[in-house]
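Notes follow once the structure below has been shown.
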Amino acid sequence: MSRAKRIVHVTFWSNNFFLIMIAALMTITFGGLFQRLSLILGLDLVLVIGIFIMFWMLQRRLDVKSYKGMYWVSDERERDIALKVHSAIMTGNTYFLYGLLLVIFLLMHFGLSTQRFGQILLVIVWLYLIAINVQYFWLWNHYDQD
Amino acid sequence: MQNTIAVRRKQRKLSQADLAALTAVTRQTINAIENDKYDPSLSLAFKLATVLETTVDKLFNQGEDHQ
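What follows is the structure, given as structure tokens:
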């Protein structure tokens, strides 16, 4: 497995972890559980450990020295793959924004409270982040075959 | 684009990893070029030709006069 593919795998699982953490934060916010200090501190601790492990993996195991530009690619073929994947993601983003406009337009007809409106948008954006993470992972594996 | 990289590489007793190191690309890229899954840039084609001591036109062809 190439270094680029290994970096993509690490970032895929890290993103999944961070998205789960965001979901937990959203649950705390939506459920009004701010008084559960131990829960929030526990989540913070898990988050910090997760970030530490991710950077440790990238810097120590995968020899990442810088995070500028397309730092994970090593040569022209991998740059080519990154461009193909990014192009697909950008197209998806454009459709998502159009869809989001439509959803916002529709939601405005339901007379929702600002709180409920925000919650629905947050969940939609969260689901979309999961989708593009999976899409990126799938596309990279599809194009970068040994 | 078909090529004779694998044949010429083996003649020089180089592994894919050796050739990758000599041309500053990954082993996976050499493998993809040899298996006709990736067409290299002109600059990489020249590097490969130099390392394999041949010319670009002898290394690559469109298919009909493959060596």
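So the sequences go chain by chain: A and B.
Start counting the first sequence at 1; every next residue gets the next number (the numbering used here).
Start counting the second sequence at 1001; every next residue gets the next number (the numbering used here).
Yeah, the Cβ is synthetic: ideal placement off N, Cα and C, and Gly gets one too.
Note that the structure is a prediction, hence the values are computed from the model and not measured.
Cβ pair residue i, residue j closer than 9 Å
{"i": "isoleucine 136 of chain A", "j": "isoleucine 81 of chain A", "result": "Note that residue 136 of chain A is tyrosine in the sequence shown here, rather than isoleucine. The answer is no: Cβ separation not under 9 Å."}
{"i": "glutamine 1002 of chain B", "j": "phenylalanine 1060 of chain B", "result": "yes"}
{"i": "glycine 50 of chain A", "j": "phenylalanine 96 of chain A", "result": "no"}
{"i": "valine 123 of chain A", "j": "methionine 57 of chain A", "result": "no"}
{"i": "glutamate 76 of chain A", "j": "valine 1025 of chain B", "result": "yes"}
{"i": "isoleucine 28 of chain A", "j": "leucine 43 of chain A", "result": "yes"}
{"i": "leucine 139 of chain A", "j": "lysine 68 of chain A", "result": "no"}
{"i": "isoleucine 1005 of chain B", "j": "leucine 1042 of chain B", "result": "no"}
{"i": "aspartate 146 of chain A", "j": "glutamine 1011 of chain B", "result": "no"}
7 Å CB neighbourhood of residue i in its chain, flanking five on each side removed
{"i": "phenylalanine 1046 of chain B", "result": "Val1056"}
{"i": "valine 1051 of chain B", "result": "Leu1019, Leu1022, Thr1023"}
{"i": "arginine 1009 of chain B", "result": "Leu1019, Leu1052"}
{"i": "alanine 23 of chain A", "result": "Trp126"}
{"i": "phenylalanine 117 of chain A", "result": "Leu107"}
Residues of its chain near residue i, where Cβ-Cβ distance is below 6 Å and the 5 sequence neighbours each way are ignored
{"i": "tryptophan 72 of chain A", "result": "Ala4, Ile7"}
{"i": "leucine 47 of chain A", "result": "Met21"}
{"i": "tyrosine 1038 of chain B", "result": "Ala1032"}
Residues of its chain near residue i, where Cβ-Cβ distance is below 8 Å and the 5 sequence neighbours each way are ignored
{"i": "aspartate 1065 of chain B", "result": "Only weak support is given to the placement of aspartate 1065 of chain B: the predicted model assigns it a pLDDT of 47, under 50, and the value that follows is read from those uncertain coordinates. Excluding sequence neighbours, aspartate 1065 of chain B sits near nothing in its chain."}
{"i": "phenylalanine 30 of chain A", "result": "Gln119"}
{"i": "aspartate 63 of chain A", "result": "Arg3"}
{"i": "arginine 79 of chain A", "result": "Met70, Val73"}
{"i": "asparagine 133 of chain A", "result": "Phe12, Asn15, Asn16, Leu19"}
{"i": "leucine 112 of chain A", "result": "Ile120"}
Which residues DSSP lists as bridging residue i, in chain order
{"i": "asparagine 141 of chain A", "result": "Paired residues: none, contrary to the question."}
{"i": "asparagine 1061 of chain B", "result": "B/Gln1002"}
If you measure beta-carbon to beta-carbon, which residues of the segment 1004-1025 of chain B are closer than 8 Å to chain A?
Result list: Ala1024, Val1025.
Tell me the start and end of each unbroken alpha helix (DSSP H) in the segment 13-75 of chain A that is at least 4 residues and wholly inside, in chain order.
Within the segment 13-75 of chain A, the complete alpha helix (DSSP H) runs of at least 4 residues are 37-56.
Along the segment 1027-1047 of chain B, where does the CB come closer than 9 Å to a CB of chain A? Name the residues.
Going along the segment 1027-1047 of chain B in chain order, one finds Arg1027, Gln1028, Thr1029, Asn1031, Ala1032, Ile1033, Lys1037, Tyr1038, Pro1040, Ser1041, Ser1043, Leu1044 with a Cβ nearer than 9 Å to chain A.
Pull out every residue of the segment 75-89 of chain A whose Cβ sits closer than 9 Å to any Cβ of chain B, in chain order.
Against chain B - using a Cβ distance shorter than 9 Å - the residues of the segment 75-89 of chain A are Asp75, Glu76, Arg77, Glu78, Asp80.
Anything in the segment 34-63 of chain A with a Cβ closer than 9 Å to a Cβ of chain B? List those residues in chain order, please.
Nothing from the segment 34-63 of chain A brings a Cβ to less than 9 Å from some Cβ of chain B.
Could you name the residues of the segment 1-29 of chain A whose beta carbon sits closer than 9 Å to any beta carbon of chain B, in the order they occur along the chain?
Identification of residues in the segment 1-29 of chain A having a C-beta nearer than 9 Å to some C-beta of chain B yields Met1, Ser2, Arg3, Ala4, Lys5, given in sequence order.
Unbroken stretches of the alpha helix (DSSP H), 4 residues or longer, contained in the segment 1013-1037 of chain B
1016-1023, 1027-1034, all fully within the segment 1013-1037 of chain B.
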